[in-house]
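Here is the structure we will look at.
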Amino acid sequence: MSQARCEEVMRRYLTEVVAAGRLKLLEEIAAGDMIDHTAVAAGWGEGRSGLERHVSYFRSCIPDPQITIERLIASDREVVGVWRVRGVHSGELFGIPATGKTIEWTNASIFRVENGKIVDYTGVWGALEAVQGMGVPIALPSTR
-11 MSQARCEEVM RRYLTEVVAA GRLKLLEEIA AGDMIDHTAV AAGWGEGRSG LERHVSYFRS
49 CIPDPQITIE RLIASDREVV GVWRVRGVHS GELFGIPATG KTIEWTNASI FRVENGKIVD
109 YTGVWGALEA VQGMGVPIAL PSTR
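Mapping the sequence shown onto the working numbering, position 6 (from 1) lands on -6, and the numbers just tick up by one.
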């Protein structure tokens, strides 16, 4: 597996699956028995079907996501993607009902790729930034 192929898998996931909603593409780029740690933690299940539910949930909250890939860092087996998402908050997200506001935040996705397919996925959502964009007041502890 090459570094370029790992980057291609990440690009296709972000632009074609997350942004465009082409869930069928996951059959090409995600192993059936892959592990999506976010999906498992959320109770959406394991394997590719868990990832499908993960993406479906995300798109139900932000149905028109505009994705900007800010950075890709890859080896011949792993790739990290740092990306920004912008879209209208149209469905419950993090337990917060739809606000109709345009929100924007940064995420990071970490894939382990084997034979051109995602076998392990860890995602880090910029939840604080997203919640602030929804207009929810956040009280951070004082540094004093």
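Glycine included, every Cβ here is placed at the ideal spot set by N, Cα and C.
Own chain, CB closer than 8 Å to K44, minus 5 neighbours either side, in chain order: Position check: residue 44 holds Ser in this sequence, whereas Lys was assumed. Cβ within range, chain order: L11.
Distance between S130 and G20 (C-alpha atoms, nearest Å): 46 Å
Pair within 8 Å by beta-carbon distance, L13 and D24: no
Per-residue DSSP class, three states only, for A30: helix
Beta-bridge partners of K12, as assigned by DSSP: According to DSSP, which records beta bridges pairwise, K12 is partnered with nothing at all.
Supposed contact pair R72 and T56 - C-beta distance, whole angstroms, cut 8 Å: 5 Å
Between the CA atoms of Q54 and S(-10) - distance to the nearest angstrom: 28 Å
Nearest residue (CA-CA) to S63, options G9, P125, V5 and F99: F99
Cutoff 8 Å: G31 Cβ touching any chain D Cβ: Protein chain content of the structure displayed is limited to a single chain, and chain D is not contained in it.
Own chain, CB closer than 6 Å to S78, minus 5 neighbours either side, in chain order: P51 and A86
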